[in-house]
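Residues 627 to 763, numbered by this note's numbering, are exactly what the sequence shown covers, in order. From the three backbone atoms N, C-alpha and C, an ideal C-beta is built for every residue, glycine too. Bear in mind that the values here come from a model prediction, so they are computed numbers and not experimental data. Take a look at the structure set out below.
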Amino acid sequence: MPKVHLGNEEPKYLMVKLDEHAERIYGIDCLDYGKTIYVTEGAIDSMFLPNAIAISGASYNTPFLQELMDQGHRFVIVPDNEPRNREVCANIKNAIKLNYNISLLPGTIKQKDINDMIKAGHPPNVIVDTIEENVTH
């Protein structure tokens with residue numbers, strides 16, 4: 627397969643959508659709706675958490691998440707742990723206004739995302755504990 631370059635960056639993911647109107651959610655087919663659902667930005671991050679999906683971006687205002695909320699399912703949004711730009715801050719504020727559970731990792735965590743935390747030696751169960759200890763309702 628040829629490499630695709632957009633601008634100066636090589637993309638991490640290639641995604642094919644058969645339905646232009648479908649949401650881009652990774653891992654939805656494996657969810658247990660009776661357990662907490664962790665929502666990450668990237669698919670790789672979601673692979674290290676139990677019962678997790680990735681929304682392929684930082685916008686949390688999606689019909690799927692609203693449906694989860696309406697049906698009373700518990701989910702926690704786990705944004706990447708990066709310096710927040712204006713757009714990311716707006717997305718987080720919007721998620722809080724929608725009464726979504728969101729976990730902002732503490733300043734003691736230096737890695738930018740779950741994948742980097744795993745690579746730095748953080749065990750998945752400790753990462754989940756840290757996420758849960760920092761949930762804002």
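Under the DSSP assignment, T756 falls in the alpha helix (DSSP H) whose first and last residues are 750 to 759. If the five residues before and after I744 are omitted, its C-beta is found closer than 8 Å to the C-beta atoms of F674, P750, I753, all from its own chain and listed in chain order.
The C-alpha of N717 lies about 8 Å from the C-alpha of N687.
Of D739, I651, N741, S672, the smallest CA-CA separation from S685 is found for I651.
The C-beta separation of D658 from I740 comes to about 19 Å, leaving the pair out of contact by the 8 Å criterion.
A residue is called buried when at least 16 other Cβ atoms come within 10 angstroms of its Cβ; N727 meets this threshold and is buried. N707 and K738 do touch by the CB rule: their CB atoms are close to 6 Å apart, below 8 Å.
Taking the Cα positions, F701 is about 22 Å away from E713.
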